[in-house]
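J.: One structure, as structure tokens, below. Some questions next.
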Amino acid sequence: MAKQGKGRDGAGKRDDAHGRRQAVIDGMLADALRPAFTYRLPSHDALAADIRRAIDALLAKAEAQRSRCLTYDDLEEALPPRDVSAEDLEAIFWILAEHGIEVEEGET
10 MAKQGKGRDG AGKRDDAHGR RQAVIDGMLA DALRPAFTYR LPSHDALAAD IRRAIDALLA
70 KAEAQRSRCL TYDDLEEALP PRDVSAEDLE AIFWILAEHG IEVEEGET
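Just so you know, we're using our numbering here: the sequence shown kicks off at 10 and counts up by one.
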């Protein structure tokens with residue numbers, strides 16, 4: 010009987026990263042009842058370059074679709090391949106909200 014290799018393929022790593030991102034998103038949604046005034050608005054310039062590119066891609070997609078609503082699939086496509094921190098995701102949501110764009114489940 011042949012042993013399976015110990016290495017993981019790219020799909021497994023992406024699935025793991027997606028699961029971790031979803032857990033962060035779920036936690037953020039659960040914390041959404043906190044008063045808005047306790048947050049400090051993030052500065053776009055202070056974010057990592059790949060997160061700024063993700064935000065720019067999301068803003069461009071919303072503009073191209075002439076929509077104020079994006080999906081979590083849109084968000085997932087725009088995120089860099091690395092693990093994204095909760096702070097990065099929070100900044101993305103805040104900046105999108107500043108532009109009047111929401112991220113929801115479902116079709117755009």
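Using N, Cα and C, we set each Cβ at its ideal position, and we do this for glycine too.
Looking at C-alpha atoms only, which residue of A73, Y81 and R91 is the closest neighbour of F102?
T.: Closest by alpha carbon: Y81.
J.: Does the distance from the CB of D83 to the CB of L68 come in under 8 Å?
T.: Going by C-beta atoms, D83 is not nearer than 8 Å to L68.
J.: On a Cα-Cα basis, can you pick out the residue from R23, L38, G28 and D24 that is closest to E124?
T.: This structure gives no information on residue 124, because the portion of the chain shown stretches from 10 to 117.
J.: Could you have a look at D97 and say whether DSSP puts it in helix, strand or coil?
T.: Helix at D97.
J.: On the three-state DSSP scale, how would you describe L67?
T.: Helix at L67.
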